[in-house]
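Note sheet for the following structure.
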Amino acid sequence: MNPAIKAIAGSLALLMTMAAWPVHSQEVIPDFYKDPGIQPNRSYVNQGFGEFIDPFTGALQLHYVDIHLPGNGGFDLKVVRSYNSTSVEPTNPALHESLAGVGWNIHFGRVLKSRETSICFNKNSQTVADNPVLELPDGSRQLLAFTGTTAPLLITTQRWRADCITSGAGGLAVTSPDGTRYDMNQLVNLGGGPYPTYAWLTSRITDRNGNYATIQYAAAASPQISSVVTSDGRSVQFFYADSGMASRRITAISAAGQTYHYAYQGISNVRDKFQLGSVTRPDGLRWIYDYNGNLNNTPGSHIMRRLTYPQGGSIGYQYGFVHFDTQANPASRSTVVMAKSTSTGGHWSFSYAPGRPGAHDVTTVNTPSGTVTYRHIGPNYSSSGSVWMVGLLASKSLGGSQTETYTWDKQKISSENNFRPGAFATKVDIGEFNAPLLAERTITRDNASHTTRYSNFDTYGNPGTISEYGPSGGNRTTSLSYYVNPSKWIVRQLQSESHAGGSISRSFDGNGNMTSITRDGIQTRHAYDGQGNLSATTFPRGLTHYYGGYRRGIAQSESQPEGISISRTVSDAGNVTSETRGDGSTWTYGYDGLNRIISVGYPAGNSVRISHGTTTRTVSRGALTQTTSFNGFGQPVSVNHGGIVRSFSVDALGRRTFESNPGTSAGTAYRHDILDRVMSIRHADGSTQGIGYGPATRAVVDERGLTTTYRYRAYGDPDQPLLMAISTPEPSTNLSIGRNARGLVTSVTQAGITRSYGYNGSYQLTSITHPETGTTSLGRDAAGNMISRITGTVGTIQYRYDGHNRLQSISYPGSTPDVTHSYDRAHRLLSTATSEATRRFTYDRNGNLTREELAAGGFNWNAGYSYNGNDQLASITYPLSGSTVSYTLDSLGRPTAMPGYISSASYWPSSQIQRIVYANGVQSEYGQNARLLPASFATSRQGSYFHRSILTYDRTGNLTSVRDTADADHDRTFGYDGVHRLVSMVTPRGRGSISYSGSGDITRQSLGSELIDYRYDSRYRLSSITVNGGPANHFTYDTAGNFIQSSQKSYTYDAVPNLLCADCWGNSPIRYAYDGDQKRTHTTKAGVTTYEFHGVHGNLLAEYGSGQLTEYIYLNGKRIAQKVSAR
11 MNPAIKAIAG SLALLMTMAA WPVHSQEVIP DFYKDPGIQP NRSYVNQGFG
61 EFIDPFTGAL QLHYVDIHLP GNGGFDLKVV RSYNSTSVEP TNPALHESLA
111 GVGWNIHFGR VLKSRETSIC FNKNSQTVAD NPVLELPDGS RQLLAFTGTT
161 APLLITTQRW RADCITSGAG GLAVTSPDGT RYDMNQLVNL GGGPYPTYAW
211 LTSRITDRNG NYATIQYAAA ASPQISSVVT SDGRSVQFFY ADSGMASRRI
261 TAISAAGQTY HYAYQGISNV RDKFQLGSVT RPDGLRWIYD YNGNLNNTPG
311 SHIMRRLTYP QGGSIGYQYG FVHFDTQANP ASRSTVVMAK STSTGGHWSF
361 SYAPGRPGAH DVTTVNTPSG TVTYRHIGPN YSSSGSVWMV GLLASKSLGG
411 SQTETYTWDK QKISSENNFR PGAFATKVDI GEFNAPLLAE RTITRDNASH
461 TTRYSNFDTY GNPGTISEYG PSGGNRTTSL SYYVNPSKWI VRQLQSESHA
511 GGSISRSFDG NGNMTSITRD GIQTRHAYDG QGNLSATTFP RGLTHYYGGY
561 RRGIAQSESQ PEGISISRTV SDAGNVTSET RGDGSTWTYG YDGLNRIISV
611 GYPAGNSVRI SHGTTTRTVS RGALTQTTSF NGFGQPVSVN HGGIVRSFSV
661 DALGRRTFES NPGTSAGTAY RHDILDRVMS IRHADGSTQG IGYGPATRAV
711 VDERGLTTTY RYRAYGDPDQ PLLMAISTPE PSTNLSIGRN ARGLVTSVTQ
761 AGITRSYGYN GSYQLTSITH PETGTTSLGR DAAGNMISRI TGTVGTIQYR
811 YDGHNRLQSI SYPGSTPDVT HSYDRAHRLL STATSEATRR FTYDRNGNLT
861 REELAAGGFN WNAGYSYNGN DQLASITYPL SGSTVSYTLD SLGRPTAMPG
911 YISSASYWPS SQIQRIVYAN GVQSEYGQNA RLLPASFATS RQGSYFHRSI
961 LTYDRTGNLT SVRDTADADH DRTFGYDGVH RLVSMVTPRG RGSISYSGSG
1011 DITRQSLGSE LIDYRYDSRY RLSSITVNGG PANHFTYDTA GNFIQSSQKS
1061 YTYDAVPNLL CADCWGNSPI RYAYDGDQKR THTTKAGVTT YEFHGVHGNL
1111 LAEYGSGQLT EYIYLNGKRI AQKVSAR
């Protein structure tokens, strides 16, 4: 007999036998449309937390991690709770065996087999019909195919392997592609009468570093998990109702002081079976689940009807029947999700059109944002020989904006016949069991195609070549290789990748831990302890950090260069409860039962307290409180920050559709398309910005109706665009961008002017070329730090770094003083010194600057800063005089008074100043419009106004007029061109205009009778200015681009460059000196030196000269007063 005919005959004989089996025995190898769990080659509808609706099967799935205990070496322990509606037989829910209620699963993986316990012997080597099935914790099943060899004995299409356990009670050792081994040898009879289903449950999990977890059961042959204990001391305890009985069910799971409670409800007329009614979290809030009862011939019997979030939001589901095979078996039908609705008004509807020969299964989902259409390869489309394709996604269309298409290839992993029991059992792949391989994906978005092709697959299904083709030159090919360790079964770990834009290579130890990674020639090395924890990392430049004392996967000690040590304490739950940093300061942290931070203890001052309500979170520190309110789905709807409220709205997809301005109900509204892109922005004043999308373009229509278009390059993924050009309403200002194969900018061209950027082999920026200055060359070390810079003929500036890549010193050419920096062990700057000036800094335990000192030009300064318990600046002690400026603060840290200077200060909710009353009785008032722009400004004393200006704007926020009712000499109106440059004005002096080149240089401006012309040289530097046709004022520059000479004055610079002298060759030169941070320290003019003290914030606090001290007083960084005294 022909071998193929013989194989078909054998399969048909087995199918005839299986046709007499009860329904439950068929469910080990599920029907195509009853495939539970998450499948890797599909797309799911999952707008809810943990929710997945399969558009191929119509099934509802819910997946949660109730317990998560991090572990050493990355060996985390998770308790996964999963619901699959396909696991529920509507007419007989008792068929589902579970410890967590009908439809739910809580286990650590198992192997299932019908009828018999001969799991290692392939009785029928021609077909998979009697093969075992691997079920993962999420409920997904993978058919184990016999390979025809002993190592591995069996394999799945996702490359999980299984080998026979020959000791003890037997079973299978199942290993994931990342090398984690599951010993599945707790044999349990799940029932089913004369044709039972057997399960081999996991008793031990061992990762590739030898870390392990032991799952203990109540008894031999029992599925009842009693505890899980890991090699590093973690443990999880399980508690039950009706322990040991057929009605047993989990009532609590506890770990690290955290307990989840499970409550159930009985099923009418079904004995010993329950439905999970609620799960109570450690914080006392509950997930609530409601189910349909027996609806007889109405779809949805015994399946979830509604779920309610802990915050109160709910999702309801409606079901229907679909006959996916109306030709071969009209009685076969599936229960599918037909509609979904949320308590906030969101609605989804689903329709299913089963395929036929030559036509895909089509599922249409109407969502709140538009229609999504899925096309899958169904069993009616496929024929014998292409069974391996069933369930694969063929295309997905999102409205008219985007279509994704998928092309698949196959790879043979077994010679067994492939088929599925059930309605489509007559379709068989003879003599081959294939794993699907994605060969091509094309995303067509806004009529631009982005194609990714995968080829050169190895025996484990890993692609060796990825070729991408996209718009605007987005083409590249990437070569890949993999670390494959068959003995550990690490078979899908990327080792190297390279394309024209760079390369990455990795090396691994025998356990698959990465010991080095080299990116474009720069290497970082890693070492590990026996558990797989990172023990040392050597960063570029040979900088090594050491890690030790691991607990729950977190290093409790670190030793870093520059003598920095960090220590931590870690709780049983894997939370850092304290950290002592390099400077010896200790920070403490508290957590609730959900591992959310509830307290932060600072080394000094007030602690932070965080409390969680059902729909609120309140954070407080001292007098400051922030309360965030959430809707029923945990999405923020308002924030009250120190009494200032902002509100938010979200749509059914969780996209923000509105956010109010602080302290008001007015705000900004957003509209999105089906791809979640913003389509329009409507401001509080009614103005609107529109955004349109085209082939690799984005067009922004601003509030004035002017369009700016952005053009992008992309490769295979349109969500990773690279900007290539900008077209503006003023064509002369259009801009184009050049990029290398890495995507880095190599040139920017506007109005014929090009600025260029060069890179070394590691893609670090090494040169910048501007027409004004020529090329600046940058030296780099292995860490990417700039170690040298050369511009023009200035000479070479050299930079040195310490063991934390902090800038340590700068060596300048010529007479420019070198600079040195020092730091403390918390990375705070302690000093900056040159031969001419030294600046020192002192900090408190929270890291606030408390003192800064400056010694320069023989003059010494020091300033002090103090803070309240919330680390908000409370006072400044000025240098020389020792006088103190104090701030009276509100809870937000905003100054409301400054004794001696400001009697009161008030703020708009946006935190912009609203009103200032000065100590001398003068007051200033600041208005604000709906866009939070300044609307008015008035200064008065005792009702008499000095200024009283009203400001108006166009719809893009350009200032268009200033009208001063107190003094018309301040009136102005302004006009702008298409790129928002000021081009016209009307003032009391007359009308004015400004002209520009395409690159933005002013070429001419006029005001009244005055006309000024600007000329530029061949390197686009300003070369002359002519006023009213008179003599030109000419300008010259040095090779670094510094302005050194005009028709009247000359200027000199150091190598920084700082301006050292103005009018150097004139009769009254002015000379300047600086510290190492480029802050000016003194000025000498006509032989008189004035010393200056600029604070670390950049504000000039004081200056002294000719026996006079002037102190400058600031409010929110703005100077509001000065104090002059003789000294």
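First residue of the sequence shown: 11, per the working numbering; consecutive thereafter. Where is the CB? At the ideal position from N, CA and C, for every residue including glycine.
Please determine if the segment 496 to 505 and the segment 473 to 481 are in contact, where contact requires at least 3 C-beta pairs separated by less than 8 Å.
-> The segment 496 to 505, when compared against the segment 473 to 481, does not touch it at the 8 Å Cβ threshold.
Between which two residues does the beta strand (DSSP E) containing I701 stretch?
-> Its beta strand (DSSP E) spans residues 698 to 704.
Three-state secondary structure assigned by DSSP to T1049 | Residue state for T1049 is assigned as coil, using DSSP reduced to three classes.
Would you kindly work out how many angstroms separate the C-alpha atoms of T738 and D987, rounded to a whole number?
-> T738 and D987 have their C-alpha atoms spaced approximately 11 Å apart.
If you draw a straight line from the alpha carbon of P889 to that of I532, how long is it in whole angstroms?
-> Between P889 and I532, the C-alpha separation is close to 48 Å.
Measure from the C-beta of Y227 to each C-beta in chain D and report whether the shortest distance is under 8 Å.
-> Considering every chain present, this structure includes no chain D. It has just one protein chain.
Burial state of T207 (16 or more Cβ within 10 Å) = By the neighbour-count criterion, in which a residue is buried when 16 or more other Cβ atoms sit within 10 angstroms of its Cβ, T207 is buried.
Own chain residues within Cβ distance below 6 Å of H555, not counting five before or after | Annotation for H555: T547, Q570 place their beta carbon closer than 6 Å to its own, counting only its chain and skipping 5 residues before and after.
Thinking C-alpha only, which one of R721, E145, Q541 is nearest N94?
-> When only C-alpha atoms are compared, the closest one is E145.
Rounded straight-line distance, which links the Cα of G178 to that of R296 = Spanning the two alpha carbons is a distance of roughly 42 Å.
DSSP beta-bridge partners for F643?
-> BP columns for F643 are empty, so no partner.
Could you tell me whether the Cβ atoms of A940 and A724 are closer together than 8 Å?
-> In this structure, A724 does not lie closer than 8 Å to A940 by Cβ.
Is the Cβ-Cβ distance between I800 and Y822 less than 8 Å?
-> No, they are not a contact pair.
Could you pull out every residue in the same chain whose Cβ sits closer than 7 Å to the Cβ of H682, ignoring the five residues on either side in sequence?
-> S379, R665, V688, M689.
Which residues in the same chain have their Cβ closer than 7 Å to the Cβ of S35, if we skip the five residues on either side of it in sequence?
-> Legend: pLDDT at S35 = 41, less than 50; position of this residue unreliable, no value from coordinates given.
Using alpha carbons as the reference points, say which of P496, I453, L859 lies closest to Y470.
-> With distances taken between Cα atoms, Y470 lies closest to P496.
Other residues of its chain near Q1118: CB distance less than 8 Å, five sequence neighbours each side excluded | Cβ contact annotation for Q1118 (same chain, cutoff 8 Å, sequence separation greater than five): V1134, S1135, A1136, R1137, in chain order.
Kindly indicate which three-state DSSP category Y43 falls into: helix, strand or coil?
-> Three-state DSSP puts Y43 in a helix.
My guess is that R430 and D41 are in contact by the Cβ rule of under 8 Å, so how many angstroms apart are they, rounded?
-> Taking a contact as a CB-CB distance under 8 Å, the pair R430 and D41 counts as one, their CB atoms being some 6 Å apart.
Considering only C-alpha positions, which residue in the set F284, T373, G985, M194 is nearest to P65?
-> Ranking F284, T373, G985, M194 by CA distance to the CA of P65 puts T373 first.
Residue from V972, S845, S393, G511 with nearest C-alpha to A945 = Of the candidates V972, S845, S393, G511, the one whose C-alpha sits nearest the C-alpha of A945 is V972.
What separation, rounded to the nearest whole angstrom, lies between the Cα atoms of L197 and Y227?
-> Those two C-alpha atoms are separated by around 11 Å.
Of the residues T759, G794, A761, G762, which one's Cα is nearest the Cα of T4?
-> Coverage of the chain is limited to positions 11 through 1137, which leaves residue 4 absent and any answer about it impossible.
Counting along the chain, where does the beta strand (DSSP E) carrying E61 start and finish?
-> Element bounds for E61: 61 to 63.
Does the beta-carbon of H460 have 16 or more other beta-carbons within 10 angstroms, so that it is buried, or is it exposed?
-> The residue in question, H460, is buried, as its Cβ has 16 or more Cβ neighbours within 10 Å.
Under the rule that 16 or more other beta-carbon atoms within 10 Å means buried, what is Q1132, buried or exposed?
-> Counting Cβ neighbours within 10 Å, Q1132 comes out exposed, since fewer than 16 surround it.
Using alpha carbons as the reference points, say which of P446, E1102, T596, E442 lies closest to K2.
-> The structure shown does not extend to residue 2, since the chain is modelled only from 11 to 1137, so the question has no answer here.
What is the rounded straight-line gap between the Cα of G149 and the Cα of T637?
-> Whole-angstrom Cα-Cα distance: 39 Å.
Is the CB-CB distance between Q57 and L685 below 8 Å?
-> The Cβ atoms of Q57 and L685 do not sit closer than 8 Å to each other.
Residue interval of the beta strand (DSSP E) (run including Q57) = Careful: Q57 lies outside any beta strand (DSSP E) and carries neither H nor E.
Which value, in whole angstroms, describes the spacing of the CA atoms of Y1122 and R1129?
-> Whole-angstrom Cα-Cα distance: 7 Å.
Neighbourhood of W31 by C-beta distance below 7 Å, restricted to the same chain and skipping five residues each side = Reliability of the predicted coordinates at W31 is poor, the pLDDT of 34 falling under 50, and the value obtained from them is presented with this limitation in mind. Within the same chain, Cβ atoms closer than 7 Å to the Cβ of W31 are found at Y205, the five residues on either side in sequence being excluded.
Using only alpha-carbon positions, find the residue among L942, G910, S920 that is nearest to V927.
-> Taking the Cα of V927 as reference, the smallest distance to any Cα among L942, G910, S920 is reached at G910.
Start and end residues, beta strand (DSSP E) containing W297 = Unbroken beta strand (DSSP E) run through W297: 296 to 301.
Check the DSSP bridge columns for S392 and list the partner residues they point to.
-> Paired residues: none, contrary to the question.
Would you report the Cα separation of V33 and W114, rounded to the nearest angstrom?
-> Note that V33 scores 39 on pLDDT, short of 50, meaning its location in the model is unreliable; the coordinates nonetheless yield the value given after this. So the alpha carbons of these two residues sit roughly 19 Å apart.
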